[in-house]
Structures are given as structure tokens and as C-alpha cells.
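Colleague: Listed in order, the protein sequences are those of chains A and B. Okay, so the first sequence: first residue is 153 according to our numbering, each after it adds one. Okay, so the second sequence: first residue is 475 according to our numbering, each after it adds one. Note that beta-carbon positions come from the ideal geometry of N, C-alpha and C, so glycine has one too. Please find one structure pasted underneath; my questions will follow.
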Amino acid sequence: MAARIIARCVRSLNHRSVYFNRVNTAATLTAAPLTHGRTFSHLTNGHKSPLAQISGSSFQVFQWRAYGDLPPLTLETIHDRVLYVLKLYDKINPEKLQATSHFMKDLGLDSLDQVEIIMAMEDEFGFEIPDAEAEKLMTPQEIAQYIADKKDVYE
Amino acid sequence: MAVSRLPPAALSFKQFLQRQKVLGIYRDLLRTIRKIPLESNRRYLRDWAREEFKRNKSETDQDVIRMMITQANNHLEDLRKSLSLAGC
């Protein structure tokens, strides 16, 4: 009986996803890296025999799964984003900015500016940095390293 | 003869704690300002906060600093209450 229910669900899902594909191929194509196109039988591991018969009888249907998520972080993208945010900050001279330039010693900022910079990083990357750890981050390199540690980005 | 090994510019423990408190208040203020709906209001308040803190940056008298910390806390509480009354 479970097989019959599963079969009914598969048939309804197949019909719905076919309709979706006819109308929204443009949308799914733009989300290309995040969608998987697979025949439905591949997605089920345990119930191969009844479903294989059903999907074998109907035409080839691709199940698109579109997940909404941000692009994956890499060390380089984190580094670039950190430098980009710093260049937008009005108190920093963009020419003098390097990965290892110390905010207080090289760029002449003070602790209030450092708090603002860390706030800007929180806004950019979307997660909160606690006070104790925020006050230790004094170079763009350290910030990128901290974010990579927190977001589990290894390379 | 007790010779202090600390560099002359090092803060005393109390001064260090006060500095941490000031920075903490500045951070809390900025975080509360983030919740304000209109971008123009946000920018105005951020500039106001920056101005206030920068103006009194060179103050060294501990009691004056303590008074200013209390003032900042009052401002922060007012802001939080206004925000909760406004519903955001």
C-alpha cells in the first residue's frame, strides 16, 4: 500500500514539475550551479523497483531542485570583500591600504574607527562578532582570517 | 626600589576598564542605530554618535568620563525605548 501512495505522489510531482519546467526554464537556468537535474528514480535509493516501473512508463522528467543560498565563500572572496568594504570607508586612504596594514599604526585610525570598521564587516558578512574578539582584529588580514575561521572556510 | 616595567603610555587598570566600557557603549549604540527604519535617520544618528564620542575623545579625568558614560547610557536607553514603542 505504501508503494501505491508513493506512486501517486510521484505521478503528481512529475506532472507538477513538468509544468514548472515548461514555464520557468529561464529561472532555473540562472540558478544553474545550485540545481540538480536528475531523473526521479535517481533520487530514491530504497524504493527502486516500483518507482522505476512508473518513471520508466512515463516520459523522462527532470526534477529541478532550486535552493536559495549565498555563493560559497572562499578565502580569496572573503579577502576581496574585506578590502572592498575598507576602501569604501571614508577615513581610509585606498592607496595606502594593504592586507597587512595595521589600522592604528599604519593607517592612523583610532579605536572608535576600529569599532566602526568591525560593524561594517558584520553588516557585510551577516553575522555578529562579539566584543572580546572584535577588539583584537587590527589588520585586514586578521579580519579575513577570523571570518574564514568562523565560516569554516578552508583551503 | 620598585621600578615599573610598563611603558609610560600604558593605562592603569581602571582606565583600561573604562576604555573598554566606552568602546562597548559605542558598539551597542551603533547596533541599536542599525535597527532604525529610515536610512537618512540612521545616517544622521550615526554621525551624531561619532561626533559626540570624537569630541570627548581626549578627556582624561575619570569622573568626567564616568559622567559621560552615564549620559551615553541614558541616550542608548532612550533610543531603545523609542524603537520598541515604534514597533521595530
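1. Use the C-beta contact count for B:V496: other C-beta atoms within 10 angstroms, 16 or more gives buried, fewer gives exposed.
2. Any beta carbon from chain B within less than 8 Å of A:M290's own beta carbon?
3. Quick check on DSSP: helix, strand or coil for A:F214?
4. Between B:R501 and chain A, is the shortest Cβ-Cβ distance under 8 Å, so that the two count as touching?
5. When the distance is taken between beta carbons, is B:L553 closer than 8 Å to B:T506?
6. Could you check where the alpha helix (DSSP H) with B:E525 kicks off and where it finishes?
7. Going by C-alpha distance, which of B:L491, B:I499 and B:S532 is nearest B:H549?
8. Is B:S514 a contact residue of the ligand PLP, with contact defined as CB to any heavy atom under 7 Å?
9. Identify which residue in A:I295, A:K302 and A:Y219 has its Cα closest to the Cα of A:R233.
10. By the three-class DSSP mapping on this structure, what secondary structure does A:Y219 have?
11. In whole angstroms, give me the CA-to-CA distance for A:P246 and A:K239.
Modeller: From the atom records:
1. Position 22 of the second sequence, counted from the first residue, corresponds to residue 496 of chain B. By the neighbour-count criterion, in which a residue is buried when 16 or more other Cβ atoms sit within 10 angstroms of its Cβ, B:V496 is buried.
2. Residue mapping note: residue 290 of chain A aligns to position 138 of the first sequence, counting from 1. Taking Cβ atoms only, chain B never reaches closer than 8 Å to A:M290, which makes this a no.
3. Taking the first sequence and counting its residues from 1, one reaches residue 214 of chain A at position 62. If DSSP states are grouped into helix, strand and coil, A:F214 belongs with the strands.
4. One-based indexing of the second sequence puts residue 501 of chain B at position 27. At least one chain A Cβ lies under 8 Å of B:R501.
5. One-based indexing of the second sequence puts residue 506 of chain B at position 32. One-based indexing of the second sequence puts residue 553 of chain B at position 79. Contact flag set, yes.
6. As a working mapping, residue 525 of chain B is identified with position 51 in the second sequence. Taken as a continuous stretch (DSSP letters only), the alpha helix (DSSP H) holding B:E525 covers E513 to R529.
7. Within the second sequence, residue 549 of chain B is the residue found at index 75, counting from 1. If we check each option's Cα against that of B:H549, B:I499 comes out closest.
8. The ligand PLP is absent from the structure shown, which contains no ligand whatsoever.
9. As a working note, residue 233 of chain A is residue 81 in the first sequence. Closest option to A:R233, Cα to Cα, is A:I295.
10. On the first sequence, position 67 is the one that residue 219 of chain A refers to. DSSP places A:Y219 in coil when its eight states are reduced to three.
11. As a position in the first sequence, residue 246 of chain A is number 94, starting the count at 1. As a position in the first sequence, residue 239 of chain A is number 87, starting the count at 1. Taken atom to atom, the span from the alpha-carbon of A:P246 to that of A:K239 is near 5 Å.
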